[in-house]
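Student:
There are 6 protein chains.
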Amino acid sequence: MNALNEPVFEVPYYQPTGQECELFEQAWKQHLPMLIKGPTGCGKTRFVAHMAARLKLPLFTVSCHDDLTAADLIGRHLITAGSTVWCDGPLTQAVRTGGICYLDEVVEARKDTTVVLHPLTDDRRILPIERTGEVLHAPDSFMLVVSYNPGYQHVLKTLKPSTRQRFVAMSFDFPPPEVEIGVVQQESGVSAEVAQRLVGLATSLRRLQGYDLEESVSTRLLVYAAKLMAAGMPPRMACLAALVEPLSDESDTIAALQSIVDTQFPA
Amino acid sequence: MNALNEPVFEVPYYQPTGQECELFEQAWKQHLPMLIKGPTGCGKTRFVAHMAARLKLPLFTVSCHDDLTAADLIGRHLITAGSTVWCDGPLTQAVRTGGICYLDEVVEARKDTTVVLHPLTDDRRILPIERTGEVLHAPDSFMLVVSYNPGYQHVLKTLKPSTRQRFVAMSFDFPPPEVEIGVVQQESGVSAEVAQRLVGLATSLRRLQGYDLEESVSTRLLVYAAKLMAAGMPPRMACLAALVEPLSDESDTIAALQSIVDTQFPA
Amino acid sequence: MNALNEPVFEVPYYQPTGQECELFEQAWKQHLPMLIKGPTGCGKTRFVAHMAARLKLPLFTVSCHDDLTAADLIGRHLITAGSTVWCDGPLTQAVRTGGICYLDEVVEARKDTTVVLHPLTDDRRILPIERTGEVLHAPDSFMLVVSYNPGYQHVLKTLKPSTRQRFVAMSFDFPPPEVEIGVVQQESGVSAEVAQRLVGLATSLRRLQGYDLEESVSTRLLVYAAKLMAAGMPPRMACLAALVEPLSDESDTIAALQSIVDTQFPA
Amino acid sequence: MNALNEPVFEVPYYQPTGQECELFEQAWKQHLPMLIKGPTGCGKTRFVAHMAARLKLPLFTVSCHDDLTAADLIGRHLITAGSTVWCDGPLTQAVRTGGICYLDEVVEARKDTTVVLHPLTDDRRILPIERTGEVLHAPDSFMLVVSYNPGYQHVLKTLKPSTRQRFVAMSFDFPPPEVEIGVVQQESGVSAEVAQRLVGLATSLRRLQGYDLEESVSTRLLVYAAKLMAAGMPPRMACLAALVEPLSDESDTIAALQSIVDTQFPA
Amino acid sequence: MNALNEPVFEVPYYQPTGQECELFEQAWKQHLPMLIKGPTGCGKTRFVAHMAARLKLPLFTVSCHDDLTAADLIGRHLITAGSTVWCDGPLTQAVRTGGICYLDEVVEARKDTTVVLHPLTDDRRILPIERTGEVLHAPDSFMLVVSYNPGYQHVLKTLKPSTRQRFVAMSFDFPPPEVEIGVVQQESGVSAEVAQRLVGLATSLRRLQGYDLEESVSTRLLVYAAKLMAAGMPPRMACLAALVEPLSDESDTIAALQSIVDTQFPA
Amino acid sequence: MNALNEPVFEVPYYQPTGQECELFEQAWKQHLPMLIKGPTGCGKTRFVAHMAARLKLPLFTVSCHDDLTAADLIGRHLITAGSTVWCDGPLTQAVRTGGICYLDEVVEARKDTTVVLHPLTDDRRILPIERTGEVLHAPDSFMLVVSYNPGYQHVLKTLKPSTRQRFVAMSFDFPPPEVEIGVVQQESGVSAEVAQRLVGLATSLRRLQGYDLEESVSTRLLVYAAKLMAAGMPPRMACLAALVEPLSDESDTIAALQSIVDTQFPA
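In the order they appear, the protein sequences are chains A, B, C, D, E and F. The letter at position 239 of the first sequence is residue 257 when you use my numbering, and the numbering goes up by one with no holes. The letter at position 126 of the second sequence is residue 144 when you use my numbering, and the numbering goes up by one with no holes. The letter at position 172 of the third sequence is residue 190 when you use my numbering, and the numbering goes up by one with no holes. The letter at position 131 of the fourth sequence is residue 149 when you use my numbering, and the numbering goes up by one with no holes. The letter at position 198 of the fifth sequence is residue 216 when you use my numbering, and the numbering goes up by one with no holes. The letter at position 133 of the sixth sequence is residue 151 when you use my numbering, and the numbering goes up by one with no holes.
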C-alpha cells in the first residue's frame, strides 16, 4: 500500500486537450466523485496532479493492486518497536486534510475497498473508521478520484455497477500530435524537429494496436526515448530500448516495429 | 466493514410509488424481517432511511462485500494503543438500541454472516455474542432489512433458500416519471422543464438495457447531471459525464448513447 | 458460530405427522445419533426443540456454514480485555450438561468438524478437548442431532459415507394439510377459513417446484402471510410479500405465482 | 484434531475372518508399518482396537480430515490462561509410550503430515520434534497403522506412491455371514434368528452397490437396527431408520430398498 | 518440516551400480550442487547417506511437501514456554556445519524455497538469514543435494528451468538383479535362493508398470517381504502383504499380481 | 525473500556482446529503470553485477518467487529474542545507499510489489515506507533493474502493461561463440580447445530447443561440464551429468542428446 502525501509546490505541466479541467473543477465544486478512464501512460496521473495543484489541494495517490484492502486505505494500528500507534491511511489523510484521494487502477483493488468508498460517494460523504470509533465528515474540499484502463480489464475485475454509478466519468486518450510534441519537448529537452518525428513514429505504432500489440506506445515511453537521444544516444538505439522492447517479446514483432522506426529515423 | 450510526434529524425526502411504506411498517410491527430487491440507484437506501426516520428508529447501514464476516457485523475486541476494548458491530448496535439494521447487497457477504442472521429472523429474535458470552434479545422495535440487486447476482452468490425464506420481500424499480421528475428537481435545483427532459432521456436510455448495457441510468446519475447543469455546465457535456460515460466503455455504445442525448438536448 | 443455550420453559407446539417422536425417543434411549432430512422451513428445528422440551433436555442449536470449524463447536480460549478465558462451544456445553446438540445444515460445515463428531457417534461417546487436555465422556442423556436439506446440496458438499453411516436417519416433509392448517392458525391467529385457504394455496404452489422454482413455499412463509393478514393487510398484498416475492426474482414467474394467489384470494 | 489415549482394560470383541491377526502381529514384531484398506463400517477400527488390547499396547486414534496438519499429530505449544505449555499430539504420545498410532482415513490429511510419517516408517524409526528440539527414537513396541477406504477416494486425495510403498498392506471387507451374525447378536442382544434375517437383508442390499448406492449397509448400521428392534421397535420401522434412510436421499431408491426390507421382515 | 541431524557412525551399506560415487565426490569437490532423479524406493536416500558417511560429513535430510516453506529450511524464532529462541532449520545447520543438506522430492516444496537455494547454488554460495541479519558463507565442505521422481510429477509441480540448470544431475533406477539380491539378503537375512526368487518376482512385476500399475515394486518392499518370510510367514502371504496390496486397490489387478507371485512361490 | 548486500571489491568478468553496457549506463544517468529479458543462465545476473561494480554501486539482488510480497522488498519489524527491530528490505537498502536493486524474474512476484515499484519508476522516484512513516527520496545514483525470461512465462504471470511501460528494455541471449569460449575458459580453467568443443556442442544442442526441450543448455552448465573435465572426469561423463541430465527426464531425449555429445567428444 502506498500512502503518499505529496505537497505540491508548483503546478505540474499539463496541456489540456478538451474541457477536462472544467469538468473536473465543476465535479469538485458539486462534491461529485470522478472516474477517469484511459490507456496506460496517457497522462491521467499527471492530469490529477495538475488539477490538485491548480486547486491548491493536497494529493494522495494510491496505486491499487490485487491485495489492496480497506485497511490499506483507511489505516491501521502499527506494532512498532515498543509501542502501538494508529497510522492513517491515504484515504483518511485525504479526508482529514480536505484533499484529493486518487485511486489509480481502482479495479485491481480487493472488493472490501468498495465499502469504504460508498459512504464517501453519496450525499453522506462520511468515512467511518471502525477501529478507532471515529466517523469523519469529509470537508467540502475533499474529492475522490478513481481511474482504470478499459483496454486492460481482467474478466473478473470490473467495477460493480453499484459502485460505478456513483461517479461522474470521463475518457482520456493519448493527446493530439501538436500537444504531445509539446509534452515531449518540455520533458526531455529535444528539439521540436526530433519531438515531431517521435510523435509521428508513435502515431504509426499506435495504428498496430489490436493487431500485434496488447497496448501501444505511451507518451511516457516517447519521453524516455527523447531523454536517451538528448543524452547523445543514436536515435535507432534509443527507440529500440524505449519504444520497441517494452512493447513486445516476440522477435518477429520487434523486427516489424523496428522497421517502422527506420522510416522515421533512417540509419 | 462499515459501522454507521446515523442519527436522523429530519425525514429524508422520499416519494412513494406504491404501498411500500405500509408493507414496511406492517412487517416492522409484526417483527418480520424484510428483503428489498431492485436495481442500482433506484432508491432502496433512501427508502430505508426514510422509513427509519418516519418510525423514529436509529439506522445502521452496512454495505456488504466479499470479505464481510460475522465479526464485522457483531463486533470484536480491538487492540488499540495500550488497551483492549470491545467494539460493537453495527448489527449489535442496532439490536441494543432497537433500531433498524440495513444490510445493503447482502448476497455479497461471506456465508458465516447467515449464522448470525438466522436466530434474529425467526421467533427467537436473539443475537448470541459468543466472544463476550452475551445473548441479546432484540427489542420489539428492532428490524432487520436486507437488499440485493437481482439483475447483478454472481453465479456463486445467491441467498440460500433457507435464509431467503426468512424474509418478507418486495421489489423496487425506478420511480414512474412524474415521481422521478420531482426527485431530480428536489435534489438538484433545476427547473421542472429540465428535470422533465432528463427523465425523458432516462426513459429512452433505459429501453436499451439488456441490449447494449449491463445496467441503465439510475436516478442518482440523473441528479448528478442536473447538478452539473444547475452549476452552469452545458447540458450535453453534463449528460456525457454523468449519464453516458458511467454506463459504458465502448466507443460505439458511447456514441449511440450520446446521440440519444442529442435528441433531448440538441446542441 | 452460534453457541446458543436455550433453557426451554414450555414445550413448543408441534403436531406429529407420523412416528417421528417415537423414533427420536428410542434413538435417544439407545444412545444413537440422529440425522433429519427435509426441505427448508418444514419444521425440523421446531421438532427438535419440541423433543428437547418433552425429554426435559437443554438444547444447543448451531446453524452450520462454510466457515464453521471444530473450534467453533468445541470452544476456544478467548482473549478478552485483560485476561484469557476458556469458552466452551455449544457441542461441549451439550456434552457437559447432557443435553441435545443440534447441528442445522451440517453439510455446510467445514470438514474438520467431522473429527469431533466421530468419537461422539460410536460406542466411545467421548469428546476430547485437545486445548484443555480434557476428555469428556458424554452422559447417557446426551444426544447429537444433525440435519440437512437433500434438495439443496452443493455438489461439493455432502456428508461423507463414513460420517453418514453413523446416524439413524429420517425424512421430513411439509405437514399434511390438516396439520398445517392447525399450525398456521396457532402461530398467527387467523381464522380456520383463512388458514385453510392459505394451505390450499401452498399446495398449488408446491406443485410447481422443480418446474419454475428452486424451492417452494414453506410453512414459515404461510405463517408470515397469515400474520400480515391478521394485522389487517389485504390478502393479495400479504401473499405477494410473504409467499411470492421470497420465491422468485423473475417477473414472469412472479406474475404466474400471483395469478395462482388470485384463485384463492380473488380481489 | 483428535488426540485420544484409550487405556484398554478388556480386549474388544473381534471375530477374525482370515489371518489378519497373524499378519498384524508379524508386522508389529518386524517393525513394519501397516496399511489397512476397506469400506466404511467393516470393522477396521475395531480390529485395530482388538489387536492393541491383545498386544497390551496403548492405542492413539486420529480421524484424519482436510485440515489435519503435522502439528496436530506432533503437538504444539498451547496458550492457555496465564501460561504456555507444550502439549504432545497423539503421534508423539504413541511414540513416547511405545503404543500404536492409528490414522483413520489417512488420505484425508494434509500433505505436510507425510513428512512426519516418513522417518517413522523406514529403518530410522525416529520422530523429530522441531519445536522442542527433541528427536524421539520409537521404542520397539511402537507401531504406525493407517487406513483408508479405496471405494471413496477423492480424485485429488490419494496416498503418494512414495508414502504408500512404506507400508505392509491388507484389504478388509464385510465379514462373512456367519461371523457378522455373531457380531450383531453380541452387540445388540437380539436373537440369533433376527440377527440372521438382518444379515440376510444386508447381503441383498449390498448387491445393489455400484448400481443405485454409493456405499452399502455396514455392520454398524445392522447393529443400530438390531438395537432399535431389541428395544421393541417394529422391524420395518427400525430398518427404515437404520438401514434405508442413511443410504439414500432419493425417494425412488428409498422405496426400492424398503421393498427389499419387506421380503425379510414382512408387515 | 523435518530437521534431522543424523550423526553417522558407520557407513551404511550401499552397492554402486555405476560411477555414481565418483560423480558425487567430484561434484562435491567442485562445489557443484547435485540433482538425483529416480523412482520411489530405488535407493536415492540410502545413496546420499552412504556418501555422507564416506565423506565424513553430517547429513541433514528434509522430506519436502506441499507446505514446506523457506522458513522451514532456514529456521525461525520459536515461542516456547517463557522465552523466544532462534532455531536453525536443517539447511542452516548444514551450512553452519559444512555438511550435506538433502531435499528429498524437492518439487513438492513451495516456490519460496527456491529463493534460498539460488544464492547457495551459484558461485556466491551464501545463505542470507533475513530474520537474524546473518549472511552465512557456505564452507567448502557444504553440498546441496536434491532429488525427485520424474515418473510421479504433478502437472503443476516441476522444477523451474532457472532452478534446475543450477545442478549437476544423474538418473537412478532399481539396481541390477545381482546387486538387488545382495541388498535383500543383507537387509533381511533370507537365504540367497529366496532373495533370488524375490528379485526374479520383482523383475516380472516391474514389466507391468505403465500398463496396470502407477509405480512398481521397490527394493524396500522386497526387503519387507523378505523380513516377513525370515520371521516364518508363508511366502505367498508375505508377498501379498508386502508386494501386491501396496501396489493396487483394484481386485482384478491384485489377483493378476498374485498369480505372478504364484509362479515364483507356488503353494 | 533474499536481502543481499554484496559489497563488490572487484569487477566481475563480463564480455559485452553489443552496446548493452552503454545503454545501461545511459539509463542510469537519465534515472530510467531498466528491464532485461532473456533465457535462463545467459548472463543477466552477471551483467548486472558487472555494471554495478563498474559504476561503483552497491548491488541488492532479489530472486522473486510466488510468495514475494511488498514487505519482503521494503522491510518489516522483526520480532526477535527479547525485542522488536525494524529491518530494511533489499529495495529500501538500495534506495538508502543509492545502489542498484535487481529483481530477478520479477514476473514471479506477487502483485502488491508493483505498488512499491511504481512511485520509484516515474519522475517522483520516491519510496514510501508506510510502516515507519518515512518517505525516502531515491538519490541520483539509485537504479531499479528487473528481469524475466520471456520463454518461460506462466499464462497468469506477466508484467502488467502499466508496469512494463515504466522501463527501458533490452533483450539478452546466449553470447556469440567466440565470447562464450572465453567465458568457459575463464571460469573453469580448461584449454581453449576443450572450451571450443563445449561451445560447439552447446550450439548443436540449442538448435533442438522448441522441438524436444523446454529450455536449452546455458552458459552456466557449460562451465559446470568444463569444471568436471578440468578435475579429470572423462568428457562424456561430465557432459552427461552437466549438460544432458539437467535438460530432460525422458530416456529417449537423453539418448539423443548424448549421441550429439558423442560427435564432439568421441569415446
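C-beta atoms are modelled at their ideal positions from N, C-alpha and C, and glycine is treated no differently. Here the structure is a predicted model, which means the values were calculated and not measured.
In the DSSP assignment, the beta strand (DSSP E) including residue 188 of chain E goes from what residue to what residue?
Tutor: Translated into positions along the fifth sequence, residue 188 of chain E becomes position 170. That run of the beta strand (DSSP E) goes 186-189.
Student: Would you call the CB atoms of residue 246 of chain B and residue 220 of chain B closer than 7 Å?
Tutor: Position 228 of the second sequence, counting from 1, holds the residue named residue 246 of chain B. Position 202 of the second sequence, counting from 1, holds the residue named residue 220 of chain B. Their beta carbons are not under 7 Å apart, which means residue 246 of chain B does not touch residue 220 of chain B by this criterion.
Student: What residues of chain B sit near residue 182 of chain A, judged by a beta carbon separation below 8 Å?
Tutor: Walking along the first sequence from the start, residue 182 of chain A turns up at place 164. Correct list: 264.
Student: Given residue 150 of chain D, which residues of its chain have a CB within under 7 Å of its CB, disregarding the five upstream and five downstream residues?
Tutor: For the purposes of this step, residue 150 of chain D is taken as residue 132 along the fourth sequence, with counting starting at 1. Same-chain partners within the cutoff: 104.
Student: Assuming residue 118 of chain A and residue 70 of chain A make a contact with CB atoms under 8 Å, what is their CB distance in whole Å?
Tutor: Within the first sequence, residue 118 of chain A is the residue found at index 100, counting from 1. Within the first sequence, residue 70 of chain A is the residue found at index 52, counting from 1. Their Cβ separation, rounded to whole angstroms, is 5 Å, which keeps residue 118 of chain A and residue 70 of chain A in contact under 8 Å.
Student: Using a Cβ cut-off of 7 Å (strictly closer), state whether residue 58 of chain B contacts chain A.
Tutor: Residue numbering aside, residue 58 of chain B sits at position 40 when the second sequence is read from its first letter. Interface residue, yes.
Student: From residue 65 of chain A to residue 42 of chain A, what does the alpha carbon distance come to, in whole angstroms?
Tutor: Locating residue 65 of chain A in the first sequence gives position 47, where the first residue counts as 1. Locating residue 42 of chain A in the first sequence gives position 24, where the first residue counts as 1. Rounded to whole angstroms, residue 65 of chain A to residue 42 of chain A spans 10 Å at the Cα level.
Student: Whole angstroms are fine: how far does the CA of residue 260 of chain B sit from the CA of residue 67 of chain B?
Tutor: For the purposes of this step, residue 67 of chain B is taken as the residue at position 49 of the second sequence. For the purposes of this step, residue 260 of chain B is taken as the residue at position 242 of the second sequence. Approximately 25 Å between the Cα atoms of the pair.
Student: Between which two residues does the alpha helix (DSSP H) carrying residue 206 of chain A extend?
Tutor: Position 188 of the first sequence holds residue 206 of chain A. Element bounds for residue 206 of chain A: 195-206.
Student: Check the Cβ of residue 53 of chain D against every Cβ in chain E and list those closer than 9 Å, keeping chain order.
Tutor: What you label residue 53 of chain D is simply residue 35 of the fourth sequence in a count that begins at 1. The contacting residues are 263, 264.
Student: Compute the Euclidean distance between the alpha carbons of residue 51 of chain C and residue 166 of chain C, then round it to the nearest angstrom.
Tutor: Translated into positions along the third sequence, residue 51 of chain C becomes position 33. Translated into positions along the third sequence, residue 166 of chain C becomes position 148. Cα to Cα, residue 51 of chain C sits roughly 14 Å from residue 166 of chain C.
Student: Quick one: grab the DSSP three-state call for residue 168 of chain B.
Tutor: In the second sequence, counting from the first residue as 1, residue 168 of chain B sits at position 150. Residue 168 of chain B: helix per DSSP, three-state reduction.
Student: What are the residues of the region 35-50 of chain F that lie near chain A, defined by any Cβ-Cβ distance shorter than 8 Å?
Tutor: Here the close residues are 37, 40, 41, 44, 45, 47, 48, 50.
Student: Counting along the chain, where does the alpha helix (DSSP H) carrying residue 65 of chain B start and finish?
Tutor: Translated into the one-based positions of the second sequence, residue 65 of chain B becomes position 47. Start and end: 62-72.
Student: Taking the alpha helix (DSSP H) that residue 52 of chain C belongs to, which residues open and close that run?
Tutor: Here residue 52 of chain C corresponds to residue number 34 of the third sequence, with the count starting at 1. Segment 52-55 is the beta strand (DSSP E) holding residue 52 of chain C; no alpha helix (DSSP H) there.
Student: For a test of the three-state rule: what should DSSP assign to residue 146 of chain F, helix, strand or coil?
Tutor: Within the sixth sequence, the letter at position 128 stands for residue 146 of chain F. Residue state, collapsed to three classes: strand.
Student: Report buried or exposed for residue 120 of chain A, applying the criterion of at least 16 other Cβ atoms within 10 angstroms of its Cβ.
Tutor: In the first sequence, the residue the question calls residue 120 of chain A occupies position 102. With 16 or more other Cβ atoms within 10 Å, it is buried.
Student: I want to verify the contact list: residues of chain F whose CB lies under 8 Å from the CB of residue 81 of chain A, in sequence order.
Tutor: Start at 1 with the first residue of the first sequence, and residue 81 of chain A comes out as number 63. Near residue 81 of chain A (Cβ distances below 8 Å), the residues of chain F are 132, 133, 136, 137.
Student: What three-state label does DSSP hand residue 42 of chain C in the structure shown?
Tutor: Against the third sequence, residue 42 of chain C aligns to sequence position 24. Residue 42 of chain C: helix per DSSP, three-state reduction.
Student: Along the beta strand (DSSP E) that carries residue 155 of chain C, what are the first and last residues, could you check?
Tutor: Stepping through the third sequence from its first residue, residue 155 of chain C is reached at position 137. First-last of the beta strand (DSSP E) with residue 155 of chain C: 152-155.
Student: Does residue 188 of chain A come within less than 7 Å of chain B when only Cβ atoms are used?
Tutor: What you label residue 188 of chain A is simply residue 170 of the first sequence in a count that begins at 1. Taking Cβ atoms only, chain B reaches closer than 7 Å to residue 188 of chain A, which makes this a yes.
Student: Please go through the same chain and pick out, in chain order, the residues whose beta-carbon is closer than 7 Å to the beta-carbon of residue 172 of chain F, but skip the five residues on each side of it.
Tutor: Here residue 172 of chain F refers to the residue found at position 154 when the sixth sequence is read from its first residue. Interpretation of residue 172 of chain F is limited by its pLDDT of 49, a score under 50 that renders its predicted location unreliable; no figure is taken from the coordinates.
Student: For residue 123 of chain F, return the contacting residues in chain E, with the cut-off set at a CB-CB distance below 9 Å.
Tutor: By one-based count along the sixth sequence, residue 123 of chain F stands at place 105. Neighbours of residue 123 of chain F on chain E, chain order: 178, 180.
Student: Can you tell me whether residue 174 of chain A is buried or exposed, with buried defined as 16 or more other CB within 10 angstroms of its CB?
Tutor: By 1-based counting over the first sequence, the position of residue 174 of chain A is 156. Any reading at residue 174 of chain A is ruled out, since the residue's pLDDT is 49, under 50, leaving its predicted position unreliable.
Student: Using a Cβ-Cβ cut-off of 7 Å, state whether residue 25 of chain B counts as contacting chain A.
Tutor: Residue numbering aside, residue 25 of chain B sits at position 7 when the second sequence is read from its first letter. Unreliable positioning characterises residue 25 of chain B in this predicted model, as indicated by a pLDDT of 46, which lies under 50. The coordinate reading is nonetheless provided below. So, not an interface residue.
Student: Sorted by chain position, which residues of the same chain lie with C-beta nearer than 7 Å to residue 31 of chain B's C-beta, five sequence neighbours on each side aside?
Tutor: Numbered from its first residue, the second sequence carries residue 31 of chain B at position 13. Excluding positions up to five away in sequence, the list reads 204.
Student: Quick check on the burial criterion: 16 or more other C-beta atoms within 10 angstroms. Buried or exposed for residue 209 of chain A?
Tutor: In the first sequence, counting from the first residue as 1, residue 209 of chain A sits at position 191. Classification for residue 209 of chain A: exposed.
Student: Any heavy atom of the ligand NAD closer than 6 Å to the Cβ of residue 263 of chain E?
Tutor: As for the ligand NAD, it is missing from this structure, which has no ligand bound.
Student: So is residue 263 of chain D buried or exposed if we call it buried at 16+ other beta carbons inside 10 Å?
Tutor: The residue given as residue 263 of chain D occupies position 245 in the fourth sequence. When all chains shown are included, residue 263 of chain D counts as buried.
Student: Helix, strand or coil, according to DSSP, for residue 58 of chain A in the structure here?
Tutor: Taking the first sequence and counting its residues from 1, one reaches residue 58 of chain A at position 40. Coil at residue 58 of chain A, not helix or strand.
Student: Give me, in chain order, the residues of the same chain whose beta-carbon lies closer than 7 Å to that of residue 92 of chain F; leave out the 5 immediate sequence neighbours on both sides.
Tutor: The sequence position of residue 92 of chain F within the sixth sequence is 74, counting from 1. Only 107, 109, 110, 134, 147 meet the Cβ criterion.
Student: Looking only at DSSP bridge pairs, what is residue 94 of chain E linked to?
Tutor: In the fifth sequence, residue 94 of chain E corresponds to position 76, counting from 1. According to DSSP, which records beta bridges pairwise, residue 94 of chain E is partnered with E:105.
Student: When DSSP builds the beta bridges, which residues end up paired with residue 120 of chain C?
Tutor: Working through the third sequence from its first residue, we reach residue 120 of chain C at position 102. Beta-bridge pairing links residue 120 of chain C to C:79, C:163.
Student: Using DSSP with H/G/I as helix, E/B as strand and the rest coil, what is residue 49 of chain C?
Tutor: In the third sequence, residue 49 of chain C corresponds to position 31, counting from 1. Three-state DSSP puts residue 49 of chain C in coil, outside helix and strand.
Student: For residue 247 of chain B, which residues in chain A fall below 7 Å Cβ to Cβ?
Tutor: Residue 247 of chain B sits at position 229 when you count from the first residue of the second sequence. Under the 7 Å cutoff, chain A gives no residues; its nearest Cβ is about 10 Å from residue 247 of chain B.
Student: Determine the closest residue to residue 251 of chain F out of E:164, E:185, E:47, E:156, with distance taken between C-alpha atoms.
Tutor: By 1-based counting over the sixth sequence, the position of residue 251 of chain F is 233. Minimum Cα distance to residue 251 of chain F is reached at E:47.
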